[in-house]
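Here the sequence shown is numbered in my numbering, starting from 192 and rising by one per residue. All C-beta atoms, glycine included, are put in the ideal place defined by N, C-alpha and C.
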Amino acid sequence: MSLSFTEQAVVTELATLLYEFLPASGNNATSFPLAAAQSGLAQGWPAQPGVSKRPGITHLVRWTLEHRRDRFCALIEVIVGQSMQWRSRKPDPLSRAEIEHLNRLLERLHFKIPALWDNAFLESLPGGGNSAPSAPAAKSTTATVVSEDRRSALQRALLELHALEPQPRGFAFEKFLVELFDAYGLAPRGSFRLQGEQIDGSVVLGHETYLFEAKWQNALTGVGDLHAFAGKVRTRATWTRGLFISHAGFSPDALVAFGRSQPVICIEGLDLYETLQGATGLEAVLAAKVRRAAETGQPFVRYRDLF
């Protein structure tokens, strides 16, 4: 997948930031080539001898985003971990300011790594205890305030999907959801495939990662689809959660059979319409659904029953 001009610009900034994180060679415990290999991305580091460090970093980041996007976060985490080890022996250990800068760049690429936002981790870094609230946090807060014009445009886009044929409508619905999540600052990622398994996308809510499943069909979603998606979520890291978005809604019998204590929150099309019509941001709506699920065990509570 080729990168957009915006993504290419961010890659250049990211390579500049990462330059001081690790050496390019001469170290058998911490280096960019080693980080690439440990992330399963050895091909991403240029094979030719004598490659300069900055072009090497740029190539690694760009190659990963274009060919192994599913491993990008793993690569960044390995680089950060090695950098903490390598620079702890130097006069300038890895700082909170550098991690916050990294987080801002990752957000511009629609990635968010919860471990790098953890307050305890940030405060453990030099400059952590005395740092003012980070710019990414401020951005996340303001991103939930969506203008009336933007909400109206999103409402129109959602209504226009009704005119499409079923197959293109399904793809268009996924694209709409990415745009919706982006408007509300949820750092969305579009569809991707892992080991032959299709994931419609992911978002970050409250520093937690949620996979999402999008379904637009005339029939109410049944228990089989719910269990299939919950199974996908459970094969991921234990902290992963799921959002199942069904435009038509869910069969009452399916919700009963699906049961409680599931790692999935359910959203119907009417929830989206009412969110766009109201003053409550999508992030607050999802947080309310998550809290209600934690309190009652119910995976689906309508917008109108939450507020």
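As a quick exercise: from Ala-448, Leu-297 and Cys-264, pick the residue whose alpha carbon is nearest that of Glu-204.
Here the closest residue by C-alpha is Leu-297.
Between which residues of its own chain and Arg-253 is the CB-CB distance below 7 Å, once the five residues before and five after are set aside?
So the list reads Leu-194 and Val-202, once near-sequence residues are dropped.
Can you name the residues that DSSP bridges to Ala-405?
DSSP output for Ala-405 lists Ile-436 as bridge partner(s).
Following the continuous alpha helix (DSSP H) through Gln-358, name the residue where it begins and the one where it ends.
Where Gln-358 is concerned, the enclosing alpha helix (DSSP H) stretches over 357 to 374.
Quick one: Cα of Gly-376 to Cα of Phe-196, how far?
Gly-376 and Phe-196: Cα-Cα distance of roughly 21 Å.
Count the other C-beta atoms from every protein chain shown that fall within 10 angstroms of the C-beta of Phe-498, then say buried if there are 16 or more, exposed otherwise.
Phe-498 is exposed by the Cβ-count criterion.
Where does Val-395 land, buried or exposed, given buried means 16+ other C-beta within 10 angstroms?
Answer is buried; the Cβ neighbour count reaches 16.
If we ignore side chains and look at the alpha-carbon of each, how far apart do Phe-212 and Thr-431 end up?
Approximately 28 Å between the Cα atoms of the pair.
Using a C-beta cutoff of 7 Å, does Gly-272 count as contacting chain C?
The structure shown contains no chain C, having only a single protein chain.
For Asn-321, which residues from the same chain have a beta carbon less than 6 Å from its beta carbon, with the 5 sequence-adjacent residues on both sides left out?
Bear in mind that a pLDDT of 45 at Asn-321, under 50, signals an unreliable position, so the model cannot answer this.
Please report the Cβ distance between Asp-462 and Tyr-494, rounded to the nearest whole angstrom; I am assuming they are in contact, meaning their Cβ atoms lie under 8 Å.
At roughly 4 Å, the Cβ-Cβ gap stays under 8 Å, so Asp-462 and Tyr-494 are in contact.
DSSP state of Ile-390, grouped into three classes?
Strand at Ile-390.
Would you say Phe-383 and Glu-404 are within 7 Å of each other, going by their C-beta atoms?
Not a contact, by the Cβ cut-off of 7 Å.
Whole angstroms are fine: how far does the CA of Val-336 sit from the CA of Arg-295?
Approximately 19 Å between the Cα atoms of the pair.
Taking the C-alpha atoms as reference points, what is the distance between Trp-308 and Asp-283?
Taking the straight line from one Cα to the other gives about 21 Å.
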